[in-house]
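Protein chains in written order, with the numbering used here: chain L, 630 to 789; chain U, 26 to 820. Glycine residues also receive a C-beta, built at the ideal position from the N, C-alpha and C atoms. Notes follow the structure.
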Amino acid sequence: MQPTPASVSFDLNGAAVSEQVPPATLLAALLRDRLGMKSVRLGCGEGVCGSCSILVDGRSMRSCLMLAAQADGTSITTVEGYAARPDLATVQAAFVEGFGAQCGFCTSGMMATVAEYLADGSVSDHGDPVTIRSALNAVACRCTGYQQIVRLVAGLAGER
Amino acid sequence: MDAPTAPSCRSTGTSVRRRGLARIVAGKAAYVPDQHLPGTLDVAFARSPVAHAHIRSIDIGRAAALPGVVAVRTMRDLPGLGSLSSTWEVAGQRHCPEHALATDRLRHVGQAFAVVVANDRATAERAAALVEIDLEPLPALLSVDAALEPDAPRLYPDWPDNEAARAEWLVGDPDAALDGAALVVEESFTSQRVHPLSLETRGILAAPDGEGGVTLWVSTQAPHQVKMAVASALGLPEHRLRVIVPNVGGGFGMKAYPHADEALLARLALDLGRPVRWIEDRRESFVSSAMGRDQRVDLRVGFDATGRILALDGVVTLDKGALIGQSSLGTAWVGAAFLPGGYAIPAVRIIARAIVTNTPQTGAYRGYGQPETNLALERTLDIAADRLGISPAEIRQRNFIVPAQMPHMIATGVTLDSGDYPRLLDMTLERFGYEEARARCAAAAASPVRRGVGIACYIETSNMAPSAAAAYLGIRAGSFDLLTIRMEPTGHVRIDTGQTELGQGISITLAQLCADELMMPVEDVVVAHGDTALPAFTSYGTAGSAGAGVGGAAVIKGAARLRDKLLLWGAHLLQLDAAAVELASARPLGDEGAPRAVVRDKADPGRQVAVSEIARAAYFFHSAPDGVDPGLEASVGYDPPGFAISYGAVAVEVAVDAETGKVAIERMTFGHDCGRVINPAIVEGQISGAVAQAIGATLYEAARYDEEGRPLSTSLMDYMLPLAADVPPIDLVHLETPSPLYPHGVKGVGESGTIAVPAAIMNAVQHAIGTGTTLTALPLSAERVWEAMRTTAQI
Ligand code: FES
Ligand code: FES
């Protein structure tokens, strides 16, 4: 017998979404496979690498660890929705200008982490490289060595 | 009259924005898992639970009966599916064909012995678990030492022992020189097995093309090699195959060679008449992709009393795992050939050997054997310096090959093409503040946080030897590039390259070179790549730090050919002789616009025709220059003239917690010379990315197995990747000595960051904890460092 599907409704990149999903469905799978949000990358599928991180109510969350049902009532922003949000579009532009990605597989998660960091009011100096590095610890990047990402985040912090 | 020639708009040497980043940040990059074809079936493998066993029988009945399963196959059900043979093949090498599925024996935990094709991945995995196998266990050899025991069982019964391949170098009389040496340092250095671990795993989508052929989408660095290998394994003519490389989420050598599973997927697609897809999951990546490093270097080096090296005697032993695979002893070979580094060593004996064990195979990983042997020699130099009472910097300076000796063939036959090793070390140490830092460390000798500085120098092979010399290297592939450059009727240029964009930035690099040759803005050049249907070919894949060197030199050659055509057409339109015209970048008089490429009369520069007009004329012409083909296209082949040897010096400062042994890398100065720099930001990205990987491999990354040969790391929870806070700021020091061998002077840089970082860190840690216990093994886990400090304290 199939378990009863759960109904989930949330805001996805500014549009209301309502889906019926089997209760065990992961948010990453719902976003990628059903809603076409290909920017959600799966580097490990078990909550370690951070490449699947998305913004849920402004916080970066690992979508491979969340059940779709947990997203009910939230507001989700994936990279597909960044261009429409000036604060997030700035992050995108900085990654392009600042050589913030190589293969790009971690980039969606990395940008979500950076967006959350820049918006975090509890950080006293967003431009401090040590603080930046510890924030970036949430996402593993195998290509860049983080150098250029740290620099571009410091640049973004300086513009605020 | 024309305005004076505008300063040419050179793009090389500047950090032009990388291609493809806009798609990446928009989430539009498409990797193999993002490719969708209707009706695609998913593939999963049944894998060996044991390290070594004879297969008595395999029963696929229960698996095949599971609803949703479309096919289950063992090697027996795939008659005619051939195997892959090694890309590296040295004299006397033993053979073990690389099959997609085990035939009669299982040789490592995780080896695939059956494949399931189902409507979805979950069903395929469930069915794979239902494939039953009847095994007769065999003793497992889990280390090279076990495999080298005289009475060790053999992995391959038709071999006399477990040595897969060997190579030797002998120059001078090392034994006599060692006998006469004032100091002989003798140690064994080990670099543990690591996982290259691209964040995107391997992935394959294979679809029948409806005409008897197959199209494959593969996450690979080597589409042409995949095409050749698949064609040969399937017995298909190559023009029936097409390999497309979409976005690739990192390769690092792990994706540099073809795999037997690519042939299997192509075969399944043909047999079933539907697209089939396999996306390696993270867990299986620890058994289904080739691991890196895993070498031991047993080294004896003799010095005179002043620290000059008299002789080197070394054995490089590679744990090959269960398969000779594509790279055979390649990483040991390259490690051995580059073991002498940038130092003058008169007498040398080196043996490189690859030993098979019952573990997953090892293969190419960024650095390709060089970090392992660099660790051995650069550690040895520090040990010798300490015993001789000279500084680490001084002992290196006393042994360097100096610019006046360049080009210089070292004992192993490698020719160092150019460079100034002593100067770069000086520059690096000066920027680092070496002397002050050493004094600071001495002051921290007894404190709870010990401090140490370490240096190490490296040379890096790049750009490959000529194809004809590949046989000497034992490579059954050429090293050349074929490419096509076409100027479109609008005057814009398209390069079709066989090089693969992996995020390293090869597209913009090639575009920059072409733009400068043709005096065009770089925006007017696009680079197409990643498709074997393009008129281009790269014979060794995008690997070996050769993309900018070989692929770039091919662009220069193609652009020169195109320029010649432009001159012919331009002269024709100007009604001049071709010898009377030149290509120039000029701005028409009174025009404030950007300079444009023109062909003009050398004697009367005002008489000119814009390249864009020439392009139009070449496609929409009524009269063509004599004997010139219509259109503006050039196809060229470029075979590299020889290795271009990059080099560098690394200085690091570490802090070691005396309580726990934990090592923190506080800062790093990285001096390097990769010849002419095309795009500084890309060079920086290559170095810092490689340095981060080297830090992981030096401090904590390790692929380990239990006493039954089962992998202990099977996820990112137990295989730690370096994160942002683990990597210090890297201060780059640049020196540019153009390679005289290459038209653009470029040497490779992709692997530079991996080579000397382990040795520099180990030298620094040794400096921090004192020399009582000699550090020789990686990784420098807190436990290992703590143990060394404890032993030292007891001495
Ligand atoms: S895929 Fe979600 S954390 Fe790695
Ligand atoms: S850019 Fe490749 S993993 Fe970060």
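Item                                                                                                       : Value
Buried/exposed call for L538/U, threshold 16 Cβ in 10 Å                                                    : buried
Pairwise C-alpha distance: S570/U and A429/U                                                               : 26 Å
Own chain residues within Cβ distance below 7 Å of A294/U, not counting five before or after               : A231, A232, P233, V239, P300, V301
Beta carbon nearer than 7 Å to a non-hydrogen atom of ligand 2                                             : A730/L, Q731/L, C732/L, G733/L, F734/L, C735/L, T736/L, M739/L, C770/L, R771/L, C772/L, T773/L, L224/U, G274/U, G275/U, G528/U
Coil, strand or helix - N272/U by DSSP                                                                     : strand
Closer than 8 Å: S682/L CB and nearest ligand 1 heavy atom                                                 : yes
Own chain, CB closer than 8 Å to V255/U, minus 5 neighbours either side, in chain order                    : V239, L241, L261, L266, V268, P283, E287, A288, A291
Where the region 759-772 of chain L meets chain U: residues whose CB sits under 9 Å from a CB there        : V759, I761, R762, S763, A764, L765, N766, A767, V768, A769, C770, R771, C772
Residues of the region 323-348 of chain U with Cβ closer than 9 Å to any Cβ of chain L, in chain order     : none
Any non-hydrogen atom of ligand 4 within 8 Å of R691/L CB                                                  : Among the ligands in the structure shown, ligand 4 does not appear; only ligand 1 and ligand 2 can be found there.
Helix, strand or coil at Q217/U according to DSSP, with G and I counted as helix                           : strand
Short CB-CB distance (under 9 Å) between L659/L and chain U                                                : no
9 Å Cβ cutoff, M790/L in contact with chain U                                                              : One cannot answer for residue 790/L here, as it falls past the ends of chain L, which runs 630 to 789.
9 Å Cβ cutoff, I705/L in contact with chain U                                                              : no
Euclidean distance between Cα positions of A31/U and G574/U                                                : Confidence is the limiting factor: at A31/U the pLDDT is only 39, short of 50, which leaves the residue's position unreliable, though a coordinate-based value still follows. A31/U and G574/U: Cα-Cα distance of roughly 29 Å.
Collapsed DSSP secondary structure at V675/U in the structure displayed                                    : strand
Own chain residues within Cβ distance below 7 Å of D751/U, not counting five before or after               : I720
Any C-beta of chain U under 9 Å from that of A722/L                                                        : yes
Counterpart residues of D626/U in DSSP-defined beta bridges                                                : V606/U
Neighbour-count burial assignment, Y644/U, 16 or more Cβ in a 10 Å radius                                  : exposed
Members of the region 654-678 of chain L that neighbour chain U once the beta carbon cut-off is set at 9 Å : R661, M666, K667, S668, V669, R670, L671, G672, C673, G674, E675, G676, V677, C678
Rounded straight-line distance, which links the Cα of A741/L to that of A786/L                             : 15 Å
V624/U beta carbon less than 9 Å from that of L591/U                                                       : yes
Cβ-Cβ separation, L203/U to A336/U (assumed contact under 8 Å), whole Å                                    : 5 Å
Under 7 Å from the C-beta of A609/U: neighbouring residues of chain L                                      : Going along chain L, no residue has its Cβ under 7 Å from A609/U, so there is no contact; the nearest lies around 32 Å.
Alpha carbon of A125/U to alpha carbon of V340/U, nearest angstrom                                         : 32 Å
Interface flag, D27/U vs chain L, CB-CB below 9 Å                                                          : Because D27/U sits at a pLDDT of 39, beneath the cut-off of 50, its placement in the model cannot be relied upon, and the point is left open.
Secondary structure, alpha helix (DSSP H): runs of 4+ residues fully inside the region 34-97 of chain U    : 46-50, 86-90
Test: G718/U CB closer than 9 Å to a CB of chain L                                                         : With the sequence shown as reference, residue 718/U is identified as Gln, and Gly is not the correct amino acid for it. Chain L contact via Cβ: present.
Same chain only: Cβ atoms within 7 Å of A198/U, ignoring 5 sequence neighbours per side                    : It should be pointed out that residue 198/U corresponds to Asp in this sequence rather than to Ala. If we look at D198/U and ignore the five residues flanking it on each side, its Cβ neighbours are A372.
Contact with chain U by S751/L, beta-carbon distance below 9 Å                                             : no
R308/U: CB within 8 Å of a non-hydrogen atom of ligand 1                                                   : no
CA nearest to the CA of A622/U, picked from S648/U, G595/U, A603/U                                         : G595/U
Every unbroken alpha helix (DSSP H) inside the region 479-513 of chain U [4 residues or more]              : 492-498
Identity of the residue in G105/U, A69/U, N704/U, V681/U nearest L259/U by Cα                              : G105/U
Members of the region 723-751 of chain U near chain L, C-beta cut-off 7 Å                                  : S740, L741, M742, L746, L748, A749, A750
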